[in-house]
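Participant: Position 68 of the sequence shown, counted from 1, bears residue number 68 in UniProt numbering, the numbering being contiguous throughout. Below is one structure. I have some questions about it.
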Amino acid sequence: MKDFCEIMNIYAGLDLLNRDEKMRVLIRKFGWPDFDPKQDYFQSLLRSIVFQQLSGKAANTIYERFINLIPKTVTLSPKEVLKLDKDEMRKTGLSFQKINYLRNLAYFFENNSFQKKDVERMTDEEISNALTQIKGIGQWTVDMFLMFTLNRADILPYTDLGIQKGFKKIFNMNNLPSKKEMETHSKIWRPYRTIACWYLWRTVDDAFAW
Numbered sequence: 001m002k003d004f005c006e007i008m009n010i011y012a013g014l015d016l017l018n019r020d021e022k023m024r025v026l027i028r029k030f031g032w033p034d035f036d037p038k039q040d041y042f043q044s045l046l047r048s049i050v051f052q053q054l055s056g057k058a059a060n061t062i063y064e065r066f067i068n069l070i071p072k073t074v075t076l077s078p079k080e081v082l083k084l085d086k087d088e089m090r091k092t093g094l095s096f097q098k099i100n101y102l103r104n105l106a107y108f109f110e111n112n113s114f115q116k117k118d119v120e121r122m123t124d125e126e127i128s129n130a131l132t133q134i135k136g137i138g139q140w141t142v143d144m145f146l147m148f149t150l151n152r153a154d155i156l157p158y159t160d161l162g163i164q165k166g167f168k169k170i171f172n173m174n175n176l177p178s179k180k181e182m183e184t185h186s187k188i189w190r191p192y193r194t195i196a197c198w199y200l201w202r203t204v205d206d207a208f209a210w
């Protein structure tokens with residue numbers, strides 16, 4: 001298993017992406033990509049579940065309310081989440097379904113070893129297979145974890161609407177792309193598609209005129 005610097009070498013990634021005319025325009029517009037590896041895997045996945053299918057503003061509000069349920073004298077941990085009353089969790093704005101998903105996640109971390117020493121030896125596929133056993137975690141959540149918590153270099157989240165819109169925009173498509181179309185167009189960005197995706201999201205968030 002490679003170490004972090006080899007996995008997410010942003011200098012090497014930008015050097016490769018700059019060879020593509022479309023990416024070169026985006027790099028000049030949006031500058032250095034923002035990636036910061038996280039150490040708390042449980043909290044990262046919990047946050048991703050809260051954010052599923054919500055706008056950033058609404059999700060942030062609910063997440064902050066949820067965090068405030070945990071006493072400030074203790075760490076956010078699986079054990080603390082399992083102690084929470086479901087009705088109190090519901091008052092934060094979480095759906096009953098997401099409450100169950102968060103509890104499923106907490107049970108998983110309470111009963112399985114999924115720490116840095118384990119995960120850094122696992123392939124992307126092995127991590128996906130482990131996490132998708134948890135009801136409430138699908139491939140999108142796994143992809144976000146691989147990209148923004150572990151900073152794995154070559155992730156392309158096909159199901160993400162922002163990424164689909166980014167492809168549609170920079171390739172002047174009439175419709176949102178299929179998985180096959182995204183795979184074809186992104187070959188030139190391998191093995192740094194994670195970095196390329198950061199720029200695709202920016203084109204959508206920034207209303208950048210292509």
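Every residue, glycine too, gets a C-beta built ideally from N, C-alpha and C.
#1: Since GLU120 is in the alpha helix (DSSP H), which residue starts that stretch and which ends it?
#2: Between LYS2 and SER178, what straight-line distance do the alpha-carbon atoms span, to the nearest angstrom?
#3: Short check: CB of PHE42 to CB of PHE109, under 8 Å?
#4: Excluding the 5 residues preceding and the 5 following LYS38 in the sequence, name in chain order all residues of the same chain whose CB lies nearer than 6 Å to its CB.
#5: Tell whether a beta-carbon distance below 8 Å holds between ARG65 and GLY93.
#6: Does the Cβ of GLU6 have 16 or more other Cβ atoms within 10 Å, making it buried, or fewer, making it exposed?
#7: To the nearest angstrom, report how far apart GLN53 and ASP143 are at their CA atoms.
#8: Note down, one range per segment and in chain order, each alpha helix (DSSP H) of at least 4 residues found wholly within the region 138 to 194.
#9: Under the rule that 16 or more other beta-carbon atoms within 10 Å means buried, what is TRP32, buried or exposed?
#10: Between the Cα of PHE35 and those of LEU69, MET8, LEU16 and ASN111, spot the shortest distance and give me the residue it belongs to.
#11: Put VAL74 into one of helix, strand or coil per three-state DSSP.
#12: Would you call the CB atoms of LYS102 and VAL81 closer than 8 Å?
#13: Less than 8 Å between the CB atoms is what I'm expecting for ASP154 and TYR192, so what's the real figure, rounded?
#14: Indicate the three-state DSSP secondary structure (helix, strand or coil) for TRP32 in the structure shown.
#15: Measuring straight from C-alpha to C-alpha, what distance separates ARG202 and PHE30?
#16: Tell me which residues share the same chain as ARG90 and place their Cβ nearer than 8 Å to its Cβ, disregarding the 5 neighbours each side in the sequence.
#17: When you compare each of TRP198, LEU156 and ASN175 to THR184 by their alpha carbons, which one comes out closest?
#18: Residues in the same chain with beta-carbon distance under 6 Å from ARG19, minus the five sequence neighbours each way, listed in chain order, please.
#19: Quick one: residues in its chain with C-beta nearer than 8 Å to the C-beta of ALA12, no 5 flanking neighbours on either side, listed in chain order?
#20: Quick one, are the C-beta atoms of ALA106 and PRO78 less than 8 Å apart?
#21: In three-state DSSP terms, what is LEU14?
Facilitator: Concretely, from the data shown:
#1: Against the sequence shown, residue 120 aligns to sequence position 120. Counting along the chain, GLU120 falls outside any alpha helix (DSSP H), and DSSP gives it neither H nor E.
#2: Mapped onto the sequence shown, residue 2 falls at position 2. Mapped onto the sequence shown, residue 178 falls at position 178. For LYS2, the pLDDT reaches just 45, beneath the cut-off of 50, and the residue's location in the model is therefore unreliable, although a value from the coordinates is still provided. So the two alpha carbons sit approximately 31 Å from each other.
#3: The count along the sequence shown starts at 1 and reaches residue 42 at position 42. The count along the sequence shown starts at 1 and reaches residue 109 at position 109. The answer is yes: Cβ separation under 8 Å.
#4: Taking the first residue of the sequence shown as 1, we reach residue 38 at position 38. So the list reads SER44 and THR149, once near-sequence residues are dropped.
#5: Position 65 of the sequence shown, counted from the first residue, corresponds to residue 65. Position 93 of the sequence shown, counted from the first residue, corresponds to residue 93. Yes, the pair counts as a contact, with Cβ atoms nearer than the cut-off.
#6: Here residue 6 is taken as the residue at index 6 of the sequence shown, counted from 1. Reliability fails at GLU6, whose pLDDT of 46 lies under 50, so the model's placement of it is uncertain and no value is given.
#7: Translated into the one-based positions of the sequence shown, residue 53 becomes position 53. Translated into the one-based positions of the sequence shown, residue 143 becomes position 143. Taking the straight line joining both Cα atoms gives about 15 Å.
#8: You should have 139 to 144, 161 to 170 and 179 to 186.
#9: Start at 1 with the first residue of the sequence shown, and residue 32 comes out as number 32. With fewer than 16 Cβ atoms within 10 Å of its Cβ, TRP32 is classed as exposed.
#10: For the purposes of this step, residue 35 is identified with residue 35 of the sequence shown, where counting begins at 1. Restricting attention to LEU69, MET8, LEU16 and ASN111, the CA atom closest to the CA of PHE35 is found in MET8.
#11: As a first step, residue 74 must be located in the sequence shown, where it is residue number 74. Looking at VAL74 - three-state DSSP - the assignment turns out to be coil, as it is neither helix nor strand.
#12: Translated into the one-based positions of the sequence shown, residue 102 becomes position 102. Translated into the one-based positions of the sequence shown, residue 81 becomes position 81. Looking at the sequence provided, one finds Leu at residue 102 rather than Lys. It is a contact, given that the beta carbons lie within the stated cut-off.
#13: Reading the sequence shown from its first residue, position 154 is the one you call residue 154. Reading the sequence shown from its first residue, position 192 is the one you call residue 192. The Cβ separation is near 7 Å, so the contact holds.
#14: Along the sequence shown, one-based indexing puts residue 32 at 32. Coil at TRP32, not helix or strand.
#15: Walking along the sequence shown from the start, residue 202 turns up at place 202. Walking along the sequence shown from the start, residue 30 turns up at place 30. Straight-line Cα distance between these residues: approximately 7 Å.
#16: Translated into positions along the sequence shown, residue 90 becomes position 90. Excluding positions up to five away in sequence, the list reads PHE96 and ILE99.
#17: Within the sequence shown, residue 184 is the residue found at index 184, counting from 1. By alpha-carbon distance to THR184, the top candidate from TRP198, LEU156 and ASN175 is LEU156.
#18: Here the question's residue 19 lines up with position 19 in the sequence shown. Within the same chain, ARG19 has no close Cβ partners at all.
#19: Start at 1 with the first residue of the sequence shown, and residue 12 comes out as number 12. Same-chain partners within the cutoff: TYR192.
#20: On the sequence shown, residue 106 is found 106 positions in, with the first residue counted as 1. On the sequence shown, residue 78 is found 78 positions in, with the first residue counted as 1. For ALA106 and PRO78, yes; Cβs fall inside 8 Å.
#21: Working through the sequence shown from its first residue, we reach residue 14 at position 14. Correct three-state label for LEU14: helix.
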